[in-house]
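A.B. asks: Shown below is the structure under consideration.
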Amino acid sequence: MPKVTFINPDESRVELDVPVGQSLMRAATAAGIDGIVGDCGGGLTCATCHVLVQEEFLPDTPPVTPNEDQMLDFTAMGRHPTSRLSCQLVMTEALDGLVVRIADPQL
Amino acid sequence: MSAEPRPVEDGKGGLPPVLDVDPFTEEVLADPYPFHEHLRELAPVVELARYGIYAVGRHDEVQTVMSDHERFMAAAGTGLYDLRKPGAWRSRSPLLECDPPDHTRMRMALTRIISPVVVRKWRADFETEAQRVVDRIIDMREIDAVRDVAEAFVLTVFPASLGVDIPHENAVAIGDMNFNAIGPNNDIFQRSLRKVEPILEWYQQSFQRESMIEGGFGQRIYEAEDAGELPVDSAPGLVRSFIRGGMDTTIAGIGFALNQLARNPAQWAKLHDDPALVKSAFEEAIRHESPSQTQFRTVVRNTVLGGMQLVADRKVAIFMGAANRDKRKWERPEEFDISRRTTGVHLAFGWGAHQCIGQMIARMEAEVILSALARRVRRIELSGTPTYRLINTLRTLECLPLRVEPV
Ligand code: HEM
């Protein structure tokens, strides 16, 4: 199963096995990673699952939809060039080894 | 709108079995859970013979019907009656009663107006009001938590954010009428309609441009229409949608949280020690008893759902309150347990493109008032039997008698 590493705000790292087809938000909340809130369950309404994607993986991530694009402007930390909402990052084989940093603050 | 793929079924299915119960009677509304159980366990989709419509009550099917707009449209109305047919007597919600792509542009413009960034700025004002509400009930000791907490708080902070003036007693009558109107034109609806007749003129006026109070987000909706970001003439209907959707639901959720916490002193004690837990308590409260119980969609074309054959143009009743107690999804669903992972999984805010646009406002209201209480109140206990308002599509308490013991 592909692996994803989440870097917490305190620099600690958590590695998760994420099945292909599952979003990073779901994987993180199911594993109890507190920094990913995911209040709206992937509905693009809360902007509380913000992550920064390690640059070399960006080309393999799915394109940003207009809805996600707008919500990224409303994150608590503010938007960075590598910002994504992790509910929109659905796992693929190509993303195996992905590293993301959890936004701080998230709320 | 979730990025995860959803299954689409095709081919031939069986006929949905008939369920010969009217869900919109006072008897069922007073205690909907036996009906929900019947609905869920009979089949993935049933036919409600009395209304000639389909109904779903399991988590998976409810999620699909709410979100798969290519097969289940909102444009023919999210109530029981088909808005395309002559004699439609309910006015359309410009936001809810349309589908992508029309819906998408409007939703994005409104999301900018009440974005999480905007909503976070209201928190300090909400906290000030919560303090006043809590100061008052601490003096009273014996309270009706619906009137003295949920309504006192929500009916102050929400109209102030929207920038409309809504007297408390009018809000309750209007709420009854609006949530009855989503269901059938029965006696329950007719009674609520008679009650609002004297204030209907005031109500129609309350969401017009001239009634918007400076600085509220209602005014921003009118400005967005002027700027061409929203369709011409949509602003009055949009402000009305926020009045309809924003108050009774949140009041209901706060009432349910307090009702369950009063019955579970150990869980209240946990909140008192760690008020951050109020967030999950609120989510669990609206999973356990869902304020918005029933919404509707219309079958776009002949299709198969859960192995059942559905015919185009028929309405589907979506019982979210039933889905949130589906044992296929939840362990011990009838138990209130704040340690569950409920957020983002339950369907109390709907699912898909129309998933509640006000959910972050509702969450912040609940979090602010419940944490203000949890900090200053050591114990809450029932001092009488709670009663419910019986409304076709909304579940909410009428009265919640509580005794509060301050620290
Ligand atoms: C606990 C409180 C609340 C509950 C349980 C709730 C429930 C829901 C549900 C189930 C839907 C989807 C309806 C459907 O798909 O047919 C919805 C949509 C909506 N809600 Fe809420 N709601 C709540 C609070 C609010 C608040 C505070 C507001 C106002 C800011 C609001 C405004 C709306 C609007 C305008 C829609 C239509 C969204 C669209 O069509 O894109 N709601 N709500």
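Protein sequence lines correspond, in order, to chains R and W. Each step along the first sequence adds one to the number in numbering that gives the first Met the number 0, with nothing skipped, and position 70 is 69. Each step along the second sequence adds one to the number in numbering that gives the first Met the number 0, with nothing skipped, and position 23 is 22. Note that beta-carbon positions come from the ideal geometry of N, C-alpha and C, so glycine has one too.
Beta strand (DSSP E) containing Leu94(W): first to last residue?
C.D. replies: Looking at the DSSP string, Leu94(W) is not in any beta strand (DSSP E), and its letter there is neither H nor E.
A.B. asks: From Ser338(W) to Gly37(R), what distance separates their C-alpha atoms?
C.D. replies: Roughly 16 Å between the two C-alpha positions.
A.B. asks: For Glu380(W), name the three-state secondary structure that DSSP assigns.
C.D. replies: Strand.
A.B. asks: Looking only at its own chain, which residues have a Cβ that is under 7 Å from the Cβ of Ser370(W), when we skip the five neighbours before and after it?
C.D. replies: Here the set comprises Pro274, Val277.
A.B. asks: Applying a beta-carbon distance threshold of less than 9 Å, which residues of chain W neighbour Pro65(R)?
C.D. replies: Those within 9 Å of Pro65(R) in chain W are Thr103, Met107.
A.B. asks: Determine the burial state of Leu237(W): buried for a count of at least 16 other Cβ atoms within 10 Å of its Cβ, exposed for fewer.
C.D. replies: By the 10 Å Cβ count, Leu237(W) comes out buried.
A.B. asks: Taking only the alpha-carbon atoms, compute the straight-line gap between Val45(W) and Ser291(W) and give it to the nearest angstrom.
C.D. replies: If I take the Cα positions, the gap works out to 20 Å.
A.B. asks: In whole angstroms, give me the CA-to-CA distance for Val50(R) and Arg12(R).
C.D. replies: Distance between the alpha carbons of Val50(R) and Arg12(R) is about 14 Å.
A.B. asks: Is the shortest distance between the beta-carbon of Cys355(W) and the beta-carbons of chain R less than 9 Å?
C.D. replies: With 9 Å as the cut-off, Cys355(W) counts as an interface residue toward chain R.
A.B. asks: For a cutoff of 9 Å on Cβ pairs, would you count Gln53(R) as touching chain W?
C.D. replies: No, Gln53(R) does not count as interfacial toward chain W.
A.B. asks: Could you name the residues of chain W that Gln69(R) contacts, counting a contact when the two beta carbons are closer than 9 Å?
C.D. replies: Here the neighbours are Met107, Thr110, Arg111, Ser114.
A.B. asks: Does the beta carbon of Val64(W) sit closer than 9 Å to a beta carbon anywhere in chain R?
C.D. replies: Not one chain R Cβ lies under 9 Å of Val64(W).
A.B. asks: Comparing the C-beta of Ala75(R) with each C-beta of chain C, is any distance below 9 Å?
C.D. replies: Given the protein chain composition of this structure (R and W), no chain C is represented.
A.B. asks: With DSSP as the reference, please indicate the residues paired to Glu14(R) in a beta bridge.
C.D. replies: In the DSSP output, where bridge partners are listed per residue, Glu14(R) has Thr4(R).
A.B. asks: When the Cα of Ile113(W) is compared with those of Glu334(W), Ser160(W), Glu60(W), Met65(W), which residue comes out closest?
C.D. replies: Considering only alpha carbons, the answer is Ser160(W).
A.B. asks: Between the beta-carbon of Ala284(W) and the beta-carbon of Phe335(W), is there less than 9 Å?
C.D. replies: Yes. Within cutoff.
A.B. asks: Should Gln204(W) be labelled buried (16 or more other beta-carbon atoms within 10 Å of its own) or exposed?
C.D. replies: Exposed, because fewer than 16 other Cβ atoms sit within 10 Å of the Cβ of Gln204(W).
A.B. asks: Given that Thr342(W) touches chain R, what residues does it touch there, using C-beta distances under 9 Å?
C.D. replies: Result: Thr28, Val36, Gly37, Asp38, Cys39, Gly40.
A.B. asks: Is it right to say Gly86(W) is buried, meaning 16 or more other beta carbons lie within 10 angstroms of its own, or is it exposed?
C.D. replies: Result: exposed.
A.B. asks: With the cut-off set at 9 Å, would you say Gly40(R) and Thr395(W) are in Cβ contact?
C.D. replies: No. Outside cutoff.
A.B. asks: With distance defined between alpha-carbon atoms, name the residue in Ile198(W), Pro197(W), Glu222(W) nearest to Glu209(W).
C.D. replies: Nearest option by C-alpha distance: Glu222(W).
A.B. asks: Once the 5 residues before and after Gly383(W) are set aside, which same chain residues still bring their CB inside 7 Å of it?
C.D. replies: Hits under 7 Å: Pro400.
A.B. asks: Assign Gln189(W) to one of two classes, buried (16 or more other C-beta atoms within 10 Å of its C-beta) or exposed (fewer than that).
C.D. replies: Result: exposed.
A.B. asks: Is there contact here, the segment 84-95 of chain R with the segment 15-25 of chain R, by at least three beta-carbon pairs under 8 Å?
C.D. replies: Result yes; three or more Cβ-Cβ pairs closer than 8 Å.
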